[in-house]
Amino acid sequence: MNMSSSDERFNALQENSLSRGTARVVIESLVVIILCLIGLIGNILVLRIVKNKRSEGKMIYLFIGALALTDVSLLATYPFFAFPVMVLGKWPFSDFVCQSYGFCILFLVSASLLLMALTAINRYFQVVRTKYYRRLFTPSRTKFFIGVALVLACIVPVPYLASGEKYIFIPGKNYCFQKPNTKIASMCVYLNGSCVMLVLTACYIKIFKTIRNHQARVTSIQQNTDSISGPSVQDIKVTRTLFLTVMGFVFCWTPVIVIDIIDMTRGLFSLPRELYYLHSFMGTLSSIPTRCSWSLYWAHLFNLYILGSELLLFLPPLQAQLL
């Protein structure tokens with residue numbers, strides 16, 4: 021029986037995975053495990069801080085906490101599937117596990133994207149449309165918005181499966197993912213990501229224009245004792261920190277999108293295994309800059325309780341200026 025070109029390319033990738041030396045297997049496995057540990061520690065630290073500060077009633081903590089929870093879920097489950105794959109060089113689980121895990125990955129990634137968009141919208145109203153902020157972002161409405169985002173994230177993978185397609189294992193990616201093609205059902209994930217990026221861009225352009233104008237007013241009348249209306253210093257710092265996390269997110273996901281686009285145009289399994297490994301590496305890495313930025317920011321402001329000890333952490337001057 022003649023094999024299709026995609027089958028031949030898959031077999032070549034699979035053979036490449038199976039023929040790796042021990043040193044390469046160990047290095048690739050350690051890199052992913054270390055990334056997951058760093059991401060988990062950062063996320064858990066953020067959740068601890070959010071829990072300690074929930075009495076302040078600030079809605080931004082709910083968004084950041086929900087975002088951290090999605091990453092905890094992703095980073096806690098990923099090694100259990102990726103580690104056996106990296107050691108064995110093949111998918112050792114059943115097709116049912118492949119389909120279930122593929123759905124979970126797309127759900128969690130979509131949830132993270134939508135929560136980032138909601139966080140940007142929250143910052144937009146906090147800084148730009150301040151008179152509407154308290155009316156729109158009450159505790160109950162904020163929880164409702166987060167719930168809607170999670171429901172929408174569950175819906176994102178459905179069109180692909182409903183069209184009759186199945187998630188497939190791609191050697192190097194270490195997980196099951198949808199086939200990269202131009203079918204409408206397959207494009208829902210990328211459409212979701214594109215809409216989120218548009219929202220992030222629009223919100224932060226408006227936010228930074230407002231901050232720049234506010235700082236110009238402060239500079240022009242800094243000798244005046246009159247109060248100045250506008251975003252507070254802490255709001256500006258929070259917004260800048262969020263902007264840094266978005267930039268880190270874009271930096272990590274750009275190569276992922278480029279690899280998928282190349283796969284769409286050249287055909288399935290057409291890239292070297294190393295690029296598919298980079299795909300999963302950058303996807304995992306995307307959880308780290310967000311958590312580290314927030315951990316550093318809050319460490320600068322609050323007392324952190326770690327393993328029962330109270331530690332006061334200070335940022336170096338340059339990092340403090342960036343925030």
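Per the numbering used here, the sequence shown starts with residue 21, numbered consecutively. Beta carbons: idealized from backbone N, C-alpha and C, even for Gly.
Helix, strand or coil at residue i [DSSP, three-state]
i	result
Leu321	Caution is warranted here: a pLDDT of 39 is assigned to Leu321, below 50, making its placement in the model unreliable, and no coordinate value can be reported.
Phe127	helix
Phe113	coil
Ile84	helix
Phe197	strand
Phe289	coil
Phe157	coil
Ile188	strand
Ser26	helix
Gly77	coil
Asn31	helix
Tyr98	helix
Ile204	coil
Ser37	helix
Ser306	coil
Leu316	Any reading at Leu316 is ruled out, since the residue's pLDDT is 45, under 50, leaving its predicted position unreliable.
Ala149	A small correction: the amino acid at residue 149 is Arg; Ala does not occupy that position in the sequence shown. If DSSP states are grouped into helix, strand and coil, Arg149 belongs with coil.
Residue i: CB within 7 Å of a non-hydrogen atom of the ligand ADP
i	result
Phe113	Here there are no bound small molecules, and the ligand ADP is not part of this structure.
Of the listed residues the options, nearest to residue i (C-alpha basis)
i	options	result
Pro177	Ser130, Ser290 and Gly109	Ser130
Ile279	Cys56, Lys199 and Met217	Lys199
Leu128	Pro292, Ile282 and Thr97	Thr97
Arg29	Ser93, Leu291, Glu48 and Phe157	Leu291
Pro275	Pro104, Gly122, Leu295 and Lys71	Leu295
Gly122	Gly62, Lys186 and Leu135	Lys186
Phe83	Thr304, Cys56, Ile141 and Phe101	Ile141
Met302	Asn201, Asp27, Val52 and Leu33	Val52
Phe145	Asn201, Ile225 and Phe103	Ile225
Thr304	Ile277, Gly77 and Leu95	Leu95
Pro99	Gly59, Leu33 and Arg286	Gly59
Ile54	Ala102, Ala88 and Gln119	Ala102
Thr87	Lys229, Gly77 and Leu170	Inspection of the sequence shows that residue 87 is occupied by Leu rather than by Thr. Ranking the options by Cα distance to Leu87, first place goes to Leu170.
Ser132	Ile204, Leu288 and Val270	Val270
Arg154	Lys78, Leu220, Ile204 and Leu57	Lys78
Thr139	Ile227, Val105 and Trp273	Ile227
Per-residue burial, residue i [other beta carbons within 10 Å of its own, 16 or more giving buried]
i	result
Ala43	exposed
Ser25	exposed
Phe160	Checking the displayed sequence, the identity of residue 160 turns out to be Ser instead of Phe. Exposed, since its Cβ has fewer than 16 Cβ neighbours within 10 Å.
Tyr81	buried
Ala182	exposed
Cys215	exposed
Ser75	exposed
Gly222	The residue asked about is misnamed: residue 222 is Ala in this sequence, not Gly. Exposed.
Ile281	exposed
Asp115	exposed
Leu218	exposed
Arg143	buried
Asn63	buried
Ile125	buried
Leu172	exposed
Val92	buried
Gly268	buried
Thr285	exposed
Gly85	buried
Asp283	buried
Arg293	buried
Trp314	Low confidence applies to Trp314: its pLDDT is 48, below 50, so where it sits in the model is not reliable, and the reading given next is rough at best. Trp314 should be labelled buried.
Extent of the continuous alpha helix (DSSP H) run through residue i
i	result
Tyr180	Val178 to Ala182
Gly59	Thr42 to Lys73
Residue-level contact to chain D via CB, residue i, 8 Å cutoff
i	result
Ala169	In the structure shown, chain D does not exist; there is a single protein chain.
Self-check item: Cβ contact (3+ pairs, closer than 8 Å) linking the region 186-199 and the region 161-168
Solution: Segments in contact, no.
Quiz item: Are at least three pairs of beta-carbons, each pair with one atom in the region 26-40 and one in the region 106-119, less than 8 Å apart?
Solution: yes
Practice problem: Could you tell me whether the region 205-214 touches the region 171-188, where touching means 3 or more Cβ pairs closer than 8 Å? | Solution: yes
Practice problem: Spell out a yes or no on whether the region 142-157 and the region 66-74 are touching, meaning 3 or more CB-CB pairs, one atom from each, closer than 8 Å. | Solution: Three or more beta-carbon pairs separated by less than 8 Å are not found between the region 142-157 and the region 66-74, which leaves the two stretches without contact.
Quiz item: Counting pairs of beta carbons, one from the region 46-54 and one from the region 297-307, are three or more of them closer than 8 Å?
Solution: yes
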